[in-house]
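Asker: For what it's worth, the numbering used here labels the leading residue of the sequence shown as 9, then goes sequentially. C-beta atoms are modelled at their ideal positions from N, C-alpha and C, and glycine is treated no differently. Sharing a structure here in structure tokens format.
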Amino acid sequence: MILLLALTLGAPMQVGPPEGGGALEGCRRCDRRGVVDCTDAWHGDVPLAWEAEVLCSVAASCPSCGGALVVDCAKCDGGPESAAMEARRAELQAFAAKPHPALELLGPPVMRVEGHHLELAGRIRALRGPKKKDRPSGHRFLHEALRESERAADLVDAHFGFEVGKEPPSPIPLWFWQDLDDHVRVLHELVGATGSGDLKRLDRHPLFSVCTADDQFQDDYAQLVALAVHTTPHLMMAAAWDGRWVGDQGAAWLDEGAAHWYEEKVLGERRHLCVEETYTTEVWEAGLWRAGVRKYLGRNADPMLPRLLALQLPELRPEEHALAWSVYDWLVTAHPEALPEVLKAAKAGAPAREWLRDQLGLAFPRAEEAWRDWVDETYPRKEKRPKRRR
Ligand SMILES: [Zn+2]
Ligand SMILES: [Zn+2]
Ligand SMILES: [Zn+2]
Ligand SMILES: [Zn+2]
Numbered sequence: 009m010i011l012l013l014a015l016t017l018g019a020p021m022q023v024g025p026p027e028g029g030g031a032l033e034g035c036r037r038c039d040r041r042g043v044v045d046c047t048d049a050w051h052g053d054v055p056l057a058w059e060a061e062v063l064c065s066v067a068a069s070c071p072s073c074g075g076a077l078v079v080d081c082a083k084c085d086g087g088p089e090s091a092a093m094e095a096r097r098a099e100l101q102a103f104a105a106k107p108h109p110a111l112e113l114l115g116p117p118v119m120r121v122e123g124h125h126l127e128l129a130g131r132i133r134a135l136r137g138p139k140k141k142d143r144p145s146g147h148r149f150l151h152e153a154l155r156e157s158e159r160a161a162d163l164v165d166a167h168f169g170f171e172v173g174k175e176p177p178s179p180i181p182l183w184f185w186q187d188l189d190d191h192v193r194v195l196h197e198l199v200g201a202t203g204s205g206d207l208k209r210l211d212r213h214p215l216f217s218v219c220t221a222d223d224q225f226q227d228d229y230a231q232l233v234a235l236a237v238h239t240t241p242h243l244m245m246a247a248a249w250d251g252r253w254v255g256d257q258g259a260a261w262l263d264e265g266a267a268h269w270y271e272e273k274v275l276g277e278r279r280h281l282c283v284e285e286t287y288t289t290e291v292w293e294a295g296l297w298r299a300g301v302r303k304y305l306g307r308n309a310d311p312m313l314p315r316l317l318a319l320q321l322p323e324l325r326p327e328e329h330a331l332a333w334s335v336y337d338w339l340v341t342a343h344p345e346a347l348p349e350v351l352k353a354a355k356a357g358a359p360a361r362e363w364l365r366d367q368l369g370l371a372f373p374r375a376e377e378a379w380r381d382w383v384d385e386t387y388p389r390k391e392k393r394p395k396r397r398r
């Protein structure tokens, strides 16, 4: 039935006799696929392989393939991949037709790219690339930011025992607007928030919206990719289970430490500082946090965890971002099995000494020692600056 449909819809041109009878076998020209890759310039600077991983409203509007990413082979009647082409096109058309609050508010073109955990959407013409001449498209940015953020989301799932698509609910929206007007309208009319800075709604149904031209980001492609990756664990951890955010429940170390940790794990460096959340924009120890934390702990013998593990987000000083990251680094490396219960305890507002005792079997002085020993064993005295990927 599906094959018949493929034949009638998908093979307008019949050039030459079909090769072989019965099942469609394609031809030599299409590598026996029955279809060939779409070469329409519509796809711009986004590789088809990236498109194939996700649902994308831009791909869905391609005049040649309608999002299928392949078109009928002109030299044959179709082949084993013809039915899949039709199915993918139908899937993309259905995705593009889904109502979307930002699209309804602002009108087209609002681009949307959806993965397993996240929906990245927005209106961006082009951004600033690493070289002066580079002007990567907003479409490419949404794809690359989604790919990297989905890698972070997979790690978050694994560490907290989340289940893709179920816990936390997905897709979680991250929206990027080049024009401040768009961002402000979204905030005012969809979120009910005032102001114009980037916004995180941290509850069971979280949302992130930002103006890419904001002073802090200045349309910088790599900086904005880092922003998306950094924001992903913030939103997922808040959304999980009871939808409670731990950043104002005395567990800012967990919220921020994890965000810094996944950003570095995925991108190889930390670029995003959550600056509005810190006292200053200073980059602590030039961002070399392993050697920095080791040195800092060596110079400060007083117990640190009792205070650090009880702070609220606005209270975190620059060095405490690094220390929080290090505590998370220690837990995720040495005690990963404890993480789901640690997050649950933090959401319930339990003091750190409770989960340290229950999950790690460590009272406070012993926990401090264990973390400090681990830092001494694990972090170098001197650290080289990581190479920029782009
Ligand atoms: Zn062919
Ligand atoms: Zn796309
Ligand atoms: Zn196409
Ligand atoms: Zn953050």
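1. On the CB-based measure, 16 or more other CB atoms within 10 Å of its CB, does residue 115 come out buried or exposed?
2. With a threshold of 8 Å on Cβ separation, who are the neighbours of residue 286 within its own chain once the five nearest residues in sequence on each side are excluded?
3. Ligand 3 heavy atoms versus the CB of residue 72: any closer than 6 Å?
4. Could you tell me whether any non-hydrogen atom of ligand 1 is closer than 6 Å to the CB of residue 46?
5. Taking 6 Å as the cut-off, is the CB of residue 84 close to at least one heavy atom of ligand 4?
6. Go ahead and pull the three-state DSSP assignment for residue 72.
7. Can you find a heavy atom of ligand 1 that lies under 6 Å from the Cβ of residue 169?
8. What separation, rounded to the nearest whole angstrom, lies between the Cα atoms of residue 391 and residue 282?
9. Exposed or buried, residue 45, counting other C-beta atoms within 10 Å across all chains shown (16 or more means buried)?
10. Would the segment 355 to 369 and the segment 265 to 275 be scored as touching if the rule is three or more Cβ pairs under 8 Å?
11. Give me the residue from 195, 98, 86 with the minimum Cα distance to residue 76.
12. I'd like the ranges of any beta strand (DSSP E) spanning at least 3 consecutive residues and lying wholly in the segment 180 to 264.
13. Going by DSSP, name the residue or residues bridged to residue 90.
14. DSSP beta-bridge partners for residue 134?
15. Express the C-alpha separation of residue 359 and residue 314 in angstroms, rounding to a whole number.
16. Which residues mark the beginning and the end of the beta strand (DSSP E) in which residue 315 is found?
17. Alpha carbon to alpha carbon, how far is residue 240 from residue 184? Give it in angstroms, no decimals.
18. Reducing DSSP to helix, strand and coil, say where residue 129 ends up.
19. Check the C-beta distance from residue 335 over to residue 265 and give it rounded, since I have them as a contact under 8 Å.
20. Helix, strand or coil for residue 393 per DSSP?
21. So, for residue 299: in the same chain, excluding its five sequence neighbours on each side, which residues have a beta-carbon less than 8 Å away from its beta-carbon?
22. Using only CA atoms, which one of 118, 120, 210, 244 lies nearest to residue 160?
23. Taking Cβ to Cβ, would you say residue 210 is nearer than 7 Å to residue 354?
24. What would DSSP say about residue 45, mapped onto helix, strand or coil?
25. Name the residue from 111, 142, 344, 380 whose alpha carbon lies nearest to the alpha carbon of residue 368.
Answerer: In brief:
1. Residue 115 is exposed by the Cβ-count criterion.
2. With a pLDDT of 43 at residue 286, under the threshold of 50, the modelled position of this residue cannot be trusted; read the value that follows with caution. Contacts found: 324, 325, 326, 329.
3. True, at least one ligand heavy atom lies under 6 Å from that Cβ.
4. No, the Cβ of residue 46 stays beyond 6 Å of every heavy atom of ligand 1.
5. No; taking the cut-off as 6 Å, the Cβ of residue 84 has no heavy atom of ligand 4 nearer than that.
6. Coil at residue 72, not helix or strand.
7. Checking every heavy atom of ligand 1 against the Cβ of residue 169, none is found closer than 6 Å.
8. So the alpha carbons of these two residues sit roughly 23 Å apart.
9. Exposed, because fewer than 16 other Cβ atoms sit within 10 Å of the Cβ of residue 45.
10. Result no; under three Cβ-Cβ pairs closer than 8 Å.
11. When only C-alpha atoms are compared, the closest one is 98.
12. Within the segment 180 to 264, the complete beta strand (DSSP E) runs of at least 3 residues are 180 to 185, 207 to 209, 215 to 219.
13. None, per the DSSP bridge assignment.
14. Note: residue 134 sits in a beta bridge opposite 145.
15. Rounded to the nearest angstrom, the gap between the Cα atoms of residue 314 and residue 359 is 9 Å.
16. Following the DSSP letters along the chain, one finds residue 315 in no beta strand (DSSP E) but inside the alpha helix (DSSP H) bounded by residues 313 to 316.
17. About 14 Å.
18. Note: residue 129 maps to strand in three-state DSSP.
19. Right, the Cβ-Cβ distance comes to about 6 Å (below 8 Å), so this counts as a contact.
20. Under the three-state reduction of DSSP, residue 393 is assigned to coil, being neither helix nor strand.
21. Sequence-distant Cβ neighbours of residue 299 in its own chain, meaning closer than 8 Å and more than five residues away, are 293, 387, 388, 389, 390, 391.
22. Nearest C-alpha to residue 160: 244.
23. With respect to residue 354, residue 210 sits apart: the two C-beta atoms are not nearer than 7 Å.
24. In the three-state reduction of the DSSP assignment, residue 45 falls in the strand class.
25. Nearest of 111, 142, 344, 380 to residue 368, Cα basis: 344.
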